[in-house]
Each structure stands twice: as C-alpha cells, then as structure tokens.
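>
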Amino acid sequence: MHSTIAVIDFETTGMSPAQGARATEIGIALLEQGRVVDRFQSLMNAGAWVSPFITELTGITNAMVREAPPAAEVMREASRFVGQAPMVAHNASFDSKFWQAELALAGLPAPQPFACTVLLARRIYPDAPGHSLGRLARHLRLPDTGRAHRALADAEMAAALLARMQQDLSLRYGLPRPGHALLAQLQRCSKTRLDGWLRQHAAQVQEAGQMQLPYP
2 MHSTIAVIDF ETTGMSPAQG ARATEIGIAL LEQGRVVDRF QSLMNAGAWV SPFITELTGI
62 TNAMVREAPP AAEVMREASR FVGQAPMVAH NASFDSKFWQ AELALAGLPA PQPFACTVLL
122 ARRIYPDAPG HSLGRLARHL RLPDTGRAHR ALADAEMAAA LLARMQQDLS LRYGLPRPGH
182 ALLAQLQRCS KTRLDGWLRQ HAAQVQEAGQ MQLPYP
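Using this note's numbering, the first residue of the sequence shown is number 2, and each one after it goes up by one.
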C-alpha cells in the first residue's frame, strides 16, 4: 500500500495530445500524511510552438521552451521521481493523457492509476461556488502557492486541496486518512450514495481494523 501520492500538473500547447498538443512544463508534488515532502518541476522542449494565447495564460514563451531540456529527458526524470506512487491531478482526464503520451514518446510505461480532485470535490464539497482549482482554493481558504497556470504552483495547490479533502473525510466519518485506493472509489460513487457508503465503510473499518470494502 502506497502512502505517498504524486500530485501532477502539466502546462501544454493545447487540449489533447491526440490533436498534436505537447507539454511545455511539468510540476509534481509528493504528498505524504497531508504534507508535501518533495517537488519536481521543469520546463520541457518538445519542439512544439507555443501560441500567444498560451503565453498570455501561462507566461511560458517559445524562447523559454527552446532553452528547456528535451521532453524525453524531462519525462525520464519525472518517471524516476514518481516511481510507483499512484497519481492525482485536478481534472485528471487532461493530465493523465499528457503523462501517458509524453512517457510513451520517451519509450516509458505509465502504469500509475489516477484519481481526480475535480470529481472528488464535486462529491465532498457539493455546495462550493465552483470546482475549479482557484475557486475551491478560495472557498476552502487554502494557502497561496504561486501563479496559477504554472505547473508546480498548480500541483502544490491540488496537493493542498487533496490533503484538505483527506482531513475532512477523516473528521466527518472517523476514518484514518483516506488513501489513493479509497479516493479512487469515492470519485466513482454517486453523490446520493456517498454519505451512506462512507458511513458503512467507517463502521467496517472500526470493526475489522482495516480498509477493505468492495466498490458500491
């Protein structure tokens, strides 16, 4: 069982690697017991053009990317940094695709399972004014981690959000800090069934002293 979770964020040239978009920056925060214990960040040169819109959004320019290490080199380092830790991202359907695509281009596997803080937040904080990373950070009064739309700042913000969700679930239901496997189950659980399932799960944990419950 992995207690470490790798929280990742990419900045990219577009929305999908299937449409030719490439990563321009990667940021990873390693979370253990609610604390960020290590960080990885790098710009990356994939030979892709950065549009004026992306530069305006992220501050990343074509000159910055040209001077960055090759994308395959960065991804090899990122893969070593993550190791076997399971992964989390805010809008994981986006970041997981770039993680898998960039690793594939570097000739590396991407075996890690992903959980998504957007899906989790919609279930844990249904009354939040929105579920973007910025809105959730303001709603929950999370500490500022730096400029939005830069990879490490966003990864650290998502890690702070994940730690807060783990803490709130522990307090609400008397659970040990929920690990990645339980979070992955929760993000697939319907909102209407979530509370009842968690209460049942907490009761079984108290009885058995372990967190093993079939997916509802």
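We treat Cβ as the ideally placed atom computed from N, Cα and C, and that holds for glycine.
Just so you know, these numbers come straight off a predicted model, no measurement behind them.
Only counting the same chain, and skipping five residues up and downstream in sequence, which positions put a Cβ closer than 7 Å to that of M65?
L44, listed in sequence order.
> Do P18 and K98 have their C-beta atoms within less than 7 Å of each other?
Result yes, Cβ atoms of P18 and K98 sit closer than 7 Å.
> How close, in whole Å, do the beta carbons of N92 and P71 come, if the pair is a contact with beta carbons under 8 Å?
Rounded, the Cβ-Cβ distance is 26 Å, inconsistent with contact.
> Going by DSSP, which residues form a beta bridge with E26?
Partner(s): E12, L44.
> Just how far apart, CA to CA, sit G48 and A73?
So the two alpha carbons sit approximately 11 Å from each other.
> Does the distance from the CB of Q188 to the CB of A116 come in under 7 Å?
Yes, the Cβ-Cβ distance between Q188 and A116 is below 7 Å.
> Select from G135, R136, R124, R81 the residue whose C-alpha is nearest the C-alpha of P110.
The shortest C-alpha separation from P110 is found at R81.
> Using CA coordinates, which residue listed in G180, L199, A204, D196 is at the minimum distance from E33?
Looking at the Cα atoms, G180 is the closest of the given residues.
> What did DSSP end up calling R200 once you bin it into helix, strand or coil?
Of the three classes helix, strand and coil, the one that applies to R200 here is helix, per DSSP.
> In its own chain, which residues sit with a C-beta less than 7 Å from the C-beta of K192, not counting the 5 before and 5 after it?
Excluding sequence neighbours, K192 sits near R124, P127.
> Distance, Cα to Cα, V89 vs Q201?
Roughly 25 Å separates the two Cα atoms.
> Considering only the alpha carbon of each residue, which of H132, L137, A102, R136 lies closest to G21?
Cα-wise, what sits closest to G21 is A102.
> Hey, could you find the ends of the beta strand (DSSP E) V89 is sitting in?
Note, V89: beta strand (DSSP E), 88-90.
> Give the range of the alpha helix (DSSP H) segment to which R116 is assigned.
The amino acid occupying residue 116 in the given sequence is Ala; Arg does not appear at that position. Here A116 belongs to no alpha helix (DSSP H); instead the beta strand (DSSP E) covers 115-117.
> Please work out which residues of its chain come closer than 7 Å, Cβ to Cβ, to D96, disregarding the five sequence neighbours upstream and downstream, and give them in chain order.
Hits under 7 Å: I9, D10, F11, A90.
> Let me check understanding here. Comparing Cα to Cα, which of G28, R36, T13, W100 lies closest to E242?
Since the first residue of the chain shown is 2 and the last is 217, residue 242 is not available in this structure.
> Would R165 pass as a contact of L141 if the rule is Cβ separation under 7 Å?
Yes; because the gap between Cβ atoms is below 7 Å, this pair is in contact.
> Can you pull the DSSP bridge partners for T5?
In DSSP, T5 forms a bridge with E33.
> Taking 7 Å as the threshold (C-beta atoms), are I27 and A152 in contact?
Going by C-beta atoms, A152 is nearer than 7 Å to I27.
> Following the continuous alpha helix (DSSP H) through E74, name the residue where it begins and the one where it ends.
Counting along the chain, the alpha helix (DSSP H) containing E74 begins and ends at 72-83.
> Tell me whether D128 sits in a helix, a strand or coil according to DSSP, three-state version.
Coil.
> Using a threshold of 7 Å, state whether the C-beta atoms of L120 and M158 are closer than that.
No; because the gap between Cβ atoms is not below 7 Å, this pair is not in contact.
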